[in-house]
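Remarks on the structure that follows.
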Amino acid sequence: MAAIAEPLAPAPARTSHGYWSGVAMRLTRDPVAMVALAIILAIVLAAIFAPLIAPAEPFRGSMIRRLKPIGFPGYPLGSDELGRDMLTRLIYGGRLSLFIGVTPVLCAFMIGASIGIFAGYLGGWINTLLMRIVDVFFAFPSVLLAIALSGALGAGILNSIVSLTIVFVPQIARVAESVTTQIRSRDYVEAARVSGAGAFTIVRVHVLGNVLGPIFVYATGLISVSMILASGLSFLGLGVKPPEAEWGLMLNTLRTAIYTQPMVAALPGMMIFLTSISFNLFSDGLRSAMEVKQ
Amino acid sequence: MSLSQSGIQDGVAALAADPRDRGGAGTPLLRVRGLIKHFGRKRGLLAKASPVVRAVDGVDFDVAKGETLGIVGESGCGKSTTARLIMQIIAPDLGEILFDGEAVGSVALDLTQFRKQVQMVFQDSYASLNPRLTVEDTVAFGPRVHGLRRRAAIARAHDLLDRVGLEPARFAGRYPHEISGGQRQRVNIARALALEPRLLILDEAVSALDKSVEAQVLNLLLDLKDEFGLTFIFISHDLNVVRFMSDRVMVMYLGKVAEVGPSEAIFSRPRHPYTEALLASMPSMDPDKRTEEAPISGDPPNPINPPAGCRFHTRCKMVATLCAHAEPPPHHVGGGHLAACHLADPRSGHPRLVAA
């Protein structure tokens, strides 16, 4: 046979970049996602370094300076119904709000992704059984399910995290299952099976890298829902208890002041809104940065 | 065709030295008997009577050591299903697959041992590469699964990339989306060769490539066949490519073998009207001999409810009443050439035989 002489494309000796560096590059070019990321980082950093930034003590009140308006001397964002500095409490509140918002999604990501990938890769009756159980959870609206579970478990931070985790596990499992089912029938998975690899190796090398991305994007989108639900539980008295600073709880205790100091009363709600929409927009940006093929 | 003839002899010489040979040169490397796969058949208590697609419906063939068997046929005739059945990607409903005289899945030849010796190259060069793995990791995956250390596996991957014409220094660290279709298919070939198989199944492996790249990959395959002493099953709908590659050709129609025989005999003296029609549908290079009317019309009948008797009788020019109810068995017409047509059997009683 004739010698092979394929005119190979002129390939400069550049370093090959992987998929994720491409995603990061596209993400940095998305202004909305970058602004959202900046807001998230600012809130997270403020929460972490709260004692250094906050102008006052979060629990020290003053009976004579209750419900002061925004801009009152010494109270840049006013004071609450017990005369505590609102700015300080909003900064400290971010700690608990973020914690009870992000933790359930993280736990649900680990549990739900494992269940979904397991079910999706194996297929057959195991898949059907697991997905029918997931369907049972889908029959309840997530708000109602979270309230019912928290009510049954009792009030408290840990219990609200557990109940939110239970709410999110089926949703993530469903997404993980459908993505895995798609990947499982790809030619490269078939080629790996043909080369004699076991199920565990195929999942580790060929499935995980291709399914974790989409599942992760979905989970980041859930953080905003989780924060709203967590605040809702605190608002209803099922989550964080007074005198802790937490945005949902602050919204609840300030609701009596809605006519006297509407701006101050709305501040915790604004923070919940700002954080959750930032997570949402960031997850949107991440999704479109990951959707680009090649 | 003389090129592929000498290819066989080289291949046989390479086979003689293969320590994995069990049955000797006389035993076919692959023997398939009564292979059946029907899709959509449900088993169990709640099974409904659902339509059954007879994708592969009783297929017999042998592949001799060192030869290339071409499989041709229209879309949906069961070519790819046959390949997947041989690869054990899907389980056959019925039938026997013997590799070098041993039943696949038996104690003598378990699935792991079988899979080291039989590999496949898929049609879609992009879908058959994991987008998250570099070229070298893809090629090294098989050897690593079979216990080679990472360093040794990467070294073997570089060696194979070099053999398929991809300079390791330039291509080893690339991702599939960074190389061209022809280069990707070379990577797929290197991946298939990484386990040092004896039989390589090429399922429309060059069909998605453009013509100049296709020729390069075909030449590469012929070179590799000699170099590694391989046996090929070459599946394609492109008759010219099959003729160039194959020593023997098998024509499939609706899940059955219509005709099988030496490439030369099939292309010069086809004995099945379907093969004749397929050959007549090839565009001629001579503008004076252009095909004026379609030699075969319509789509193949639905494999859910295939015609009784000869499956081709609904589209056959030579059809007789006999064909509608009696299924023609494969008939030897000499020189290892079999045709499943009543016209090939002088004693079948087909009216056209009597007339002639």
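The listed protein sequences derive, respectively, from chains A and B. Residue numbers in the first sequence follow our numbering, run continuously in steps of one, and reach 294 at the last position. Residue numbers in the second sequence follow our numbering, run continuously in steps of one, and reach 650 at the last position. For glycine and all other residues, C-beta sits at the position ideal for the given N, C-alpha and C.
First through last residue of the alpha helix (DSSP H) which encompasses residue i
i: G93 of chain A; result: M86 to L122
i: I529 of chain B; result: Counting along the chain, I529 of chain B falls outside any alpha helix (DSSP H), though it belongs to the beta strand (DSSP E) covering T525 to I529.
i: Y188 of chain A; result: D187 to V194
i: R485 of chain B; result: G475 to L487
i: P597 of chain B; result: Careful: P597 of chain B lies outside any alpha helix (DSSP H) and carries neither H nor E.
i: Y19 of chain A; result: Y19 to T28
i: I380 of chain B; result: K373 to I380
i: D504 of chain B; result: Neither: D504 of chain B is in no alpha helix (DSSP H) and is coded neither H nor E.
i: L494 of chain B; result: Premise fails: L494 of chain B lies in the beta strand (DSSP E), L493 to D497, not in any alpha helix (DSSP H).
Where residue i sits in the DSSP three-state scheme
i: Y420 of chain B; result: coil
i: A638 of chain B; result: helix
i: M295 of chain B; result: Confidence in M295 of chain B is poor, its pLDDT being 40 and thus under 50, which makes the residue's placement too unreliable to answer from.
i: T362 of chain B; result: strand
i: G74 of chain A; result: coil
i: S283 of chain A; result: helix
i: Y568 of chain B; result: helix
i: I43 of chain A; result: helix
i: H644 of chain B; result: coil
i: A197 of chain A; result: coil
i: L632 of chain B; result: strand
i: A155 of chain A; result: coil
i: M227 of chain A; result: helix
i: I590 of chain B; result: coil
i: L456 of chain B; result: The question names Leu, but residue 456 of chain B is Asp in the sequence shown. In this structure, D456 of chain B counts as helix in the three-state DSSP scheme.
i: L67 of chain A; result: coil
i: D354 of chain B; result: strand
i: H471 of chain B; result: helix
i: I258 of chain A; result: coil
i: M544 of chain B; result: strand
i: I166 of chain A; result: helix
i: V347 of chain B; result: strand
i: E396 of chain B; result: strand
i: S578 of chain B; result: coil
i: T181 of chain A; result: helix
Boundaries of the beta strand (DSSP E) in which residue i is found, first to last residue
i: F49 of chain A; result: Unbroken run through F49 of chain A: none, as it is neither H nor E.
i: L442 of chain B; result: It is not in any beta strand (DSSP E) - L442 of chain B carries neither H nor E in the DSSP assignment.
i: L324 of chain B; result: L324 to F333
i: G555 of chain B; result: K550 to P556
i: Q413 of chain B; result: V412 to V415
i: G367 of chain B; result: From DSSP, G367 of chain B is part of no beta strand (DSSP E); its letter is neither H nor E.
i: L392 of chain B; result: L388 to F393
i: L249 of chain A; result: Note, L249 of chain A: premise wrong, no beta strand (DSSP E); alpha helix (DSSP H) at W247 to T253.
Closest by C-alpha distance to residue i, when choosing among the options
i: D315 of chain B; options: B:G367, B:P622 and B:L403; result: B:L403
i: A571 of chain B; options: B:P624, B:E472, B:M612 and B:G459; result: B:M612
i: E672 of chain B; options: B:P491, B:A466, B:V627 and B:T428; result: As shown, chain B starts at 295 and ends at 650. That puts residue 672 of chain B outside it, with no answer to give.
i: M414 of chain B; options: B:G395, B:D582 and B:G436; result: B:G436
i: A620 of chain B; options: B:A602, B:L637 and B:V627; result: B:A602
i: L427 of chain B; options: B:F465, B:L454 and B:I391; result: B:F465
i: A377 of chain B; options: B:L442, B:M544, B:A319 and B:G317; result: B:M544
i: Y303 of chain A; options: B:D582, B:L423, B:T362 and B:A319; result: Only positions 1 to 294 of chain A appear in this structure, which leaves residue 303 of chain A out of reach.
i: I215 of chain A; options: A:A197, A:P170 and A:L233; result: A:P170
i: P268 of chain A; options: A:L249, A:G61, A:G116 and A:M34; result: A:L249
i: V412 of chain B; options: B:E430, B:P425, B:I391 and B:T432; result: B:I391
i: H332 of chain B; options: B:V346, B:G389 and B:T321; result: B:V346
i: M63 of chain A; options: A:F49, A:S79, A:G74 and A:F72; result: A:S79
i: L297 of chain A; options: A:A257, A:P141 and A:S231; result: The displayed coordinates of chain A run from 1 to 294. Any statement about residue 297 of chain A would go beyond what the structure contains.
i: A219 of chain A; options: A:G101, A:P69 and A:L77; result: A:G101
i: L90 of chain A; options: A:G112, A:C107 and A:P58; result: A:P58
i: F315 of chain A; options: A:G74, A:R26 and A:Y92; result: The structure shown has nothing for residue 315 of chain A, since chain A only spans 1 to 294.
i: L222 of chain A; options: A:M290, A:T165 and A:L45; result: A:T165
i: L251 of chain A; options: A:M25, A:S163 and A:M86; result: A:M86
Inter-residue CB distance, residue i and residue j (contact presumed, cutoff 8 Å)
i: A488 of chain B; j: Q417 of chain B; result: Contact flag wrong, Cβ pair sits at about 19 Å.
i: L494 of chain B; j: A486 of chain B; result: 6 Å
i: F285 of chain A; j: A36 of chain A; result: It is worth fixing the name first, because residue 285 of chain A is Gly in this sequence and not Phe. About 7 Å; that satisfies the 8 Å criterion.
i: Y420 of chain B; j: R478 of chain B; result: 6 Å
i: F279 of chain A; j: I40 of chain A; result: 7 Å
i: V350 of chain B; j: G630 of chain B; result: With a Cβ gap of about 22 Å, V350 of chain B and G630 of chain B do not count as contacting.
(message) Give me the subset of the region 439–469 of chain B whose CB atoms are less than 7 Å from a CB atom of chain A, sorted by chain position.
(response) V439, H440, G459, R464, G467, R468 and Y469
(request) For the region 184–200 of chain A, enumerate the residues whose C-beta is nearer than 9 Å to any C-beta of chain B, in chain order. (result) R186, D187, Y188, V189, E190, A191, A192, R193, V194, S195, G196, A197 and G198
(request) Could you run through the region 474–494 of chain B and flag, in chain order, every residue whose CB is less than 9 Å away from some CB of chain A? (result) Within the region 474–494 of chain B, the qualifying residues are S474, G476, Q477, R480, N482, R485, A486, A488 and L489.
(message) Using a Cβ-Cβ cutoff of 7 Å, what residues of the region 398–414 of chain B are near chain A? List them in chain order.
(response) T406, R409, K410, Q413 and M414
(request) Give, in chain order, every residue of the region 105–127 of chain A whose Cβ lies closer than 7 Å to some Cβ of chain B. (result) none
(message) Which residues of the region 369–392 of chain B have a Cβ closer than 9 Å to any Cβ of chain A? Give them in chain order.
(response) R378, M381, Q382 and I383
(request) May I ask you to list, following chain order, the residues of the region 203–214 of chain A that have a beta carbon less than 8 Å from some beta carbon of chain B? (result) V205, H206, G209 and N210
(message) Counting only Cβ-Cβ distances shorter than 9 Å, please list the residues of the region 68–82 of chain A near chain B, keeping chain order.
(response) none
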